[in-house]
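Here is the structure we will look at.
Residue numbers (my numbering), protein chains in the order written: chain A, 82 to 228; chain B, 176 to 432.
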């Protein structure tokens with residue numbers, strides 16, 4: 082199993098100044114909404130390339146199918162994004178193209194899920210998940226070349 | 176605040192009673208198979224036990240079940256002792272630079288959201304954040320609870336606002352409030368902390384910087400952790416980041432509480 086890659090949580094969830102009920106305050110995303118680490122590897126048992134996020138809390142998740150190639154792991158209670166499963170075996174692409182295509186497909190899948198999600202308050206979590214993938218793109222998709 | 180000794184004694188008492196009830200159930204069950212005529216000494220007792228087994232066995236079984244529920248509701252004492260330890264550690268880490276000032280000037284308080292509050296107050300059924308544990312060994316007799324209703328506009332205090340927004344909320348550089356403070360200062364402090372001036376006047380000491388952090392258990396919002404300090408500059412966004420060091424363990428413990 083590949084190692085977890087730690088994320089820069091400060092960059093993913095910077096503090097912002099807001100005015101709530103006429104009061105100026107500093108707000109930060111809940112620490113439970115921001116992934117602490119990410120990893121990506123080919124899972125031989127599932128026969129999928131899997132990207133996983135690690136959060137402060139643990140929750141059971143469900144697999145939500147997006148299309149014939151991509152499924153998302155969505156937390157049962159909070160609706161947070163816990164992972165993405167990509168069926169690279171079914172994709173007729175060379176290893177070089179996989180490293181170009183898969184990140185693009187993953188980002189689109191997250192965007193589409195966010196638009197259709199029944200939990201709109203989780204939109205920021207999905208955005209942070211995309212930023213996390215962008216932040217550690219090289220490390221996450223490194224193993225695609227060897228899959 | 177949770178009274179450790181009282182709840183710990185209650186937990187152990189219920190556990191002991193559960194054992195005794197279990198032994199009684201085993202005895203009653205075994206007695207139904209005994210031949211009362213062969214027992215000269217306890218023959219009458221045995222007969223009585225056999226005649227009432229139809230009632231006593233289900234009652235004792237039910238009693239054991241109820242006691243188990245009571246123990247689960249109270250929570251094992253070691254869980255809350257460990258929660259207190261974690262809050263102490265968080266207090267040390269967040270307020271490391273304030274080590275020279277008294278401990279109770281910089282605190283970490285854990286609030287649990289309860290739907291109903293057993294207290295003489297308005298709207299006891301509206302949803303309240305009740306203090307259940309605090310760092311340190313003083314200022315533990317606090318009864319300050321904050322309204323956290325379904326209508327988020329009515330959320331009270333830093334704790335209530337943190338609950339309503341489900342985000343980290345930081346308020347700093349609050350005015351120094353004391354007995355001779357003007358109404359203007361009181362009103363300003365009250366407005367910036369979402370409490371009333373009357374609420375402030377009922378209490379003697381007031382912190383000058385706050386940080387509220389939502390606490391989750393199994394993916395559901397459970398309560399709020401509030402950092403407060405009498406130093407107006409002691410708390411910033413880095414204080415909230417430190418929470419991640421204990422947050423995972425706190426969540427696991429509160430699953431058992």
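In this text, a Cβ means the ideal position worked out from N, Cα and C, and glycines have one as well.
Asked                                                                                                                                                                            : Found
Straight-line CA distance for residue 245 of chain B to residue 192 of chain B?                                                                                                  : 12 Å
Any C-beta of chain B sitting closer than 7 Å to the C-beta of residue 138 of chain A?                                                                                           : yes
Should residue 163 of chain A and residue 154 of chain A be called a contact, given that it needs their Cβ atoms to be closer than 7 Å?                                          : yes
Can you pull the chain A residues whose beta carbon is under 8 Å from the beta carbon of residue 168 of chain B, in chain order?                                                 : Only positions 176 to 432 of chain B appear in the structure, and residue 168 of chain B is not among them; the question remains open.
What's the call for residue 206 of chain B, buried or exposed, on a 16-neighbour Cβ count within 10 Å?                                                                           : buried
Measure the beta-carbon distance from residue 184 of chain A to residue 205 of chain A and round it to whole angstroms, keeping in mind my assumption that it falls under 8 Å.   : About 21 Å separates the two Cβ atoms, so there is no contact after all.
Identify each residue in the segment 367 to 378 of chain B for which the Cβ-Cβ distance to at least one residue of chain A is less than 9 Å, and report them in chain order.     : 367, 368, 369
Along chain B, which residues have their Cβ under 9 Å away from the Cβ of residue 96 of chain A?                                                                                 : 343, 345, 411, 412, 415
Note the first and the last residue of the continuous beta strand (DSSP E) segment covering residue 345 of chain B.                                                              : 342 to 346
Assign residue 96 of chain A to one of three DSSP states: helix, strand, or coil.                                                                                                : coil
Let me make sure I understand the geometry here. Which of B/271, B/267, B/319 has the alpha-carbon closest to that of residue 380 of chain B?                                    : B/319
Could you name the residues that DSSP lists as bridge partners for residue 403 of chain B?                                                                                       : B/282, B/385
Taking the beta strand (DSSP E) that residue 118 of chain A falls in, what are its first and last residues?                                                                      : 118 to 124
Under 8 Å, with one C-beta from each stretch per pair, do the segment 269 to 280 of chain B and the segment 394 to 409 of chain B reach the 3-pair mark?                         : yes
What separation, rounded to the nearest whole angstrom, lies between the Cα atoms of residue 347 of chain B and residue 108 of chain A?                                          : 12 Å
Give, in chain order, every residue of the segment 150 to 168 of chain A whose Cβ lies closer than 8 Å to some Cβ of chain B.                                                    : 156, 157, 158, 159, 161
Can the beta-carbon of residue 308 of chain B be found closer than 7 Å to that of residue 258 of chain B?                                                                        : yes
Under 7 Å between C-beta atoms, does residue 431 of chain B make it to chain A?                                                                                                  : no
Between the beta-carbon of residue 113 of chain A and the beta-carbon of residue 391 of chain B, is there less than 7 Å?                                                         : yes
Does the CB of residue 183 of chain A have a neighbour CB from chain B at under 7 Å?                                                                                             : no
Starting from the N-terminal side, write out each stretch of the beta strand (DSSP E) that is 3 residues or longer and does not extend beyond the segment 136 to 166 of chain A. : 142 to 146, 151 to 156
Any C-beta of chain B sitting closer than 7 Å to the C-beta of residue 191 of chain A?                                                                                           : no
I need the boundaries of the alpha helix (DSSP H) containing residue 354 of chain B, first residue and last residue.                                                             : Careful: residue 354 of chain B lies outside any alpha helix (DSSP H) and carries neither H nor E.
Spell out whether any CB of chain B is found under 7 Å from the CB atom of residue 108 of chain A.                                                                               : yes
Does any residue of chain B bring its CB to less than 7 Å from the CB of residue 104 of chain A?                                                                                 : yes
Does residue 422 of chain B have its Cβ less than 7 Å from a Cβ in chain A?                                                                                                      : yes
Going along chain A, which residues have a C-beta under 8 Å from residue 407 of chain B?                                                                                         : By Cβ distance, chain A contributes nothing, its closest Cβ being about 13 Å from residue 407 of chain B, past 8 Å.
Specify the secondary structure class of residue 251 of chain B as computed by DSSP and reduced to three states.                                                                 : coil
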